[in-house]
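A short write-up of the structure that comes next.
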Amino acid sequence: MSTEAEWKRKDLVGIEELSREELEIIYAKAEEFKATLNRSQRKLPTLRGSTVVNLFMEPSTRTRLAFEVAATRLSADVLTVSGNASSLVKGESLRDTAKNIEALSADIIIMRHSAAGAARYLSRQIDIPVINAGDGAHEHPTQALLDTFTMREKLGKDLTGKKVTILGDILFSRVARSNIWALRKLGAEVTLGGPSTLVPKDFEHFGVKVIHDLREALAEADAVMLLRIQHERQSSTHFPSLGEYTSMFGLNEKRESWLKKDAIIMHPGPINRGVELDSKLADSGRSVILEQVTNGIVVRMAVLYLCASYAAQHRSA
Amino acid sequence: MSIHWIKNGRIIDPANQRDAVGDLFTVDGKIVDSLSESQKQEAKVFDADGLVVCPGFVDLHCHLREPGDRHKETIKSGSRAAAKGGFTTVVAMSNTKPPTDTVGAIRQVVDVIDRDAVINVLPTGCLTQNRDGKALAPIGSLKSAGAVAITDGGHCVQNHELMRRGVEYAAMFGLVVMDHCEDVTQTDGCVMNEGVWSLRLGLRGMPRAAEDIMVSRNVIFAAHYGAHIHLQHISSGYSVDIIRRAKERGIKITAEATPHHLSLTEASLKDYSTHFKVVPPLRTEKDRQALIEGLQDGTIDCIATAHAPHTEIEKDKEFDFAPFGMNGLETALSVCLDTLVHNELLTLPQLIACMTHKPAGILGLDRGTLSSGAPADITIFDPEENWVVSRDNLASLSHNSPWLGLTLRGKVRATYSEGELAYPFAD
């Protein structure tokens, strides 16, 4: 099967608009790239001569680095622009900044932005591919791709009927939203857990369960995904304190016993050790957190490759 | 002597329960019952065959941006936009720069109105100094300077004691306090309605409770202090219910709904188009239906546009960073015809009542009627004519309309303000 022939998107803005078939195209390509990871010559010539711009308007370490590594492995030239070092702090609009980057012959923009919908907005302004590296609380598509890619490795390629529990700050989490869309498309059953102020019942409209009882939320899970508690965003209104959160909803060794014996523990990072996840569990045999990070390289290579290929074909057409 | 003879139109004057094909006459800016033979010889004749002839529309809530933001709108451009939409009286909000919280500021606005407005533009004065909700503005003096109502225009006074004293004090002068009902402790940083769509889009949602709480507060103040509080752009179904119960108890509360809250829901935001970013936010279909029911049973007294122009550059940005508000004056009639009349939710006379004598009555204005002797404010429109909303055919300086590029049904053909043709424009 010629996978790239079926990828028909210039941009990757979100998981919600993708079909299951499109997810499978990305996984297949990522598997191909993963097979090259341990070669002595790991650099592929695929994007040689291309310029990839990382436009990161919010702080990020692993996502930005993973995109840089992915683009470098594909032989692209990578430039990184951070928000506080760009003309946006001088009042330039996002549209003008992006137009200028495009005019400087960039081939792809990878953007992280604090505003939901910013990646979609940008994708309509410019002709080169836009890869969403996280837009506010909306989506973080490559994170969901690497998460589900990791689950497919650990739980089996067909996730139909697998049970995934996502715990924590769902309300403000772009990771949770993208994972909900991806997992539902793949046939998995999703449960959301955490305090009612961070996990509103209205999420049930997306075909997931909302459970505030931690024991019940954990009991059936094949995978548990912890989310970082973004205390800085909640202004002390969504729960009383980190201590209260940890005592009521943190995953610790006692609560680990409520899990099935082969359930895996995931976290998109950065981890608040001892808050949402006990430090020992983060480093335990159940944890696949570092494998998620490694898989983040190959799914991003796949996304860069597919979008760049589509854009190149589109230009030549 | 200025004499007009509007012939053979369907004359709808809800204030006088008139709905019949006939002729309408004006002499020197007033409606008259008939013309003498010599006057008929002199009259300018408008053939309104097949058209609706009604009182000029009255909008209790628009932002004309002058002084301060003349790049968005001016009193001249805003009044022209109003005339094009069939409005002959508009009430301008106080959130100009500077705000109309002093006698001097009101006089400045009145001077510009006298010079530039093509229709009847009425200024409002602030309830609090600088609209910051900390100390009362000189309400009585503002009335003397020309303010027809008191409002912090887009701001809701959060301090209940200050609000209570403000409505009490304004009532002494017979002034209506118009309030934008929003508990800002619940809406800080929020950009749309709180619900399934805000979860889906990852945007921070304003709960209905933020509106409902302030509507309840205002009902309580109106009940306790006998003040007349007008509730602006109601959007929540629960608020409609609160207002309904208040009216049943005889409390002096009035309320308005906007064409956009009557016709659109939060689902319109699915592509993050900033045209739909308004406050209070577009809510759910259930809320929309409740607003329509409120209009039908009189709980909602009138339709107001909340015309809030912003330039394309200001709106062309990330959703979180774009300002709230949309244009409304030029599309109000068409949108309401389409949503309410063509869907048989209101009759045409009922809609016209909500845009004429009912809003005029809230502020005690002698407008919105075709009674003999009334100001000759007249709107003539074709309820069936299609038109396409485009940047080129909007008179407003801003083109911030979610209906841009769409075909609307129902078009104003002519607007007379005190007997003078305000639209079509002379230039």
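Residue numbers (my numbering), protein chains in the order written: chain X, 6 to 322; chain U, 802 to 1228.
Note that CB positions come from ideal geometry on N, CA and C, so glycine has one too.
Note that the structure is a prediction, hence the values are computed from the model and not measured.
Quick check on residue i - is its C-beta less than 8 Å from some C-beta in chain X?
i	result
Y1073/U	yes
V911/U	no
F1122/U	yes
D870/U	no
V922/U	no
D1088/U	no
G1095/U	no
L1065/U	no
K1048/U	no
G1003/U	yes
G996/U	yes
D1013/U	no
K1118/U	yes
Whole angstroms is fine: what's the gap from residue i's alpha carbon to residue j's?
i	j	result
S119/X	E63/X	6 Å
M1015/U	H805/U	47 Å
V958/U	N896/U	13 Å
R291/X	P134/X	37 Å
H872/U	D1117/U	15 Å
P1203/U	A1123/U	14 Å
I98/X	T1055/U	Strictly speaking, residue 98/X in this sequence is Ser, with Ile absent from that position. Answer to the nearest angstrom: the Cα atoms are 42 Å apart.
C793/U	A1223/U	There is simply no residue 793/U to check, as chain U begins at 802 and stops at 1228 in what is shown.
L150/X	T165/X	16 Å
V1142/U	K1212/U	14 Å
E11/X	A76/X	22 Å
S839/U	M802/U	12 Å
G1220/U	I131/X	52 Å
V859/U	T1216/U	12 Å
P1081/U	D1013/U	11 Å
A103/X	L127/X	7 Å
T242/X	R1001/U	22 Å
V195/X	R220/X	15 Å
S1199/U	L28/X	42 Å
T952/U	P205/X	35 Å
Does any CB atom of chain B fall closer than 8 Å to the CB of residue i?
i	result
V919/U	In the structure shown, chain B does not exist; the protein chains are X and U.
Does residue i come within less than 8 Å of chain U when only Cβ atoms are used?
i	result
P205/X	yes
F72/X	no
A142/X	yes
A10/X	Model confidence at A10/X stands at a pLDDT of 49, short of 50, so the residue's coordinates are unreliable; what they give is reported in the following sentence. So no, A10/X is outside the interface.
H118/X	yes
A123/X	yes
S128/X	no
L99/X	yes
S7/X	Caution is warranted here: a pLDDT of 48 is assigned to S7/X, below 50, making its placement in the model unreliable, and the coordinate value is therefore given only provisionally. By this cut-off, S7/X is not an interface position.
R233/X	no
H210/X	yes
E14/X	Per the sequence presented here, residue 14/X reads as Arg, with Glu not at that position. Not closer than 8 Å to any Cβ of chain U, the Cβ of R14/X fails to qualify, so no.
Considering Cα atoms alone, identify which of the options is closest to residue i.
i	options	result
T155/X	L256/X, L295/X, D82/X and A40/X	L295/X
D112/X	A313/X, H319/X and H143/X	A313/X
E1113/U	S1197/U, A948/U and S1172/U	S1197/U
E249/X	E258/X, K259/X, E261/X and I234/X	I234/X
I277/X	G173/X, K95/X and H145/X	In the sequence as displayed, the identity of residue 277/X is Asn instead of Ile. Ranking G173/X, K95/X and H145/X by Cα distance to N277/X puts G173/X first.
L264/X	D288/X, P245/X, M230/X and H243/X	M230/X
D933/U	V968/U, S1173/U, V913/U and N960/U	N960/U
P899/U	A883/U, G926/U and S878/U	G926/U
A844/U	T827/U, T988/U and A893/U	T827/U
Go ahead and pull the three-state DSSP assignment for residue i.
i	result
M1015/U	helix
N921/U	strand
E874/U	coil
P50/X	coil
D834/U	coil
Y1224/U	strand
K39/X	helix
M993/U	strand
N89/X	helix
Y1217/U	strand
R811/U	strand
G956/U	Sequence inspection shows His at residue 956/U; the Gly mentioned does not correspond to that position. Note: H956/U maps to coil in three-state DSSP.
I1104/U	strand
K167/X	coil
**OP:** Mind listing, in chain order, the continuous beta strand (DSSP E) runs of no fewer than 3 residues lying wholly within the region 120-145 of chain X?
**Re:** 135-140
**OP:** Output the residue ranges of the alpha helix (DSSP H) runs that lie fully inside the region 239-308 of chain X and measure 4 residues or longer, sorted by chain position.
**Re:** 247-254, 258-261 and 284-287
**OP:** Mind listing, in chain order, the continuous alpha helix (DSSP H) runs of no fewer than 4 residues lying wholly within the region 1112-1198 of chain U?
**Re:** 1113-1116, 1133-1137, 1149-1156 and 1158-1164
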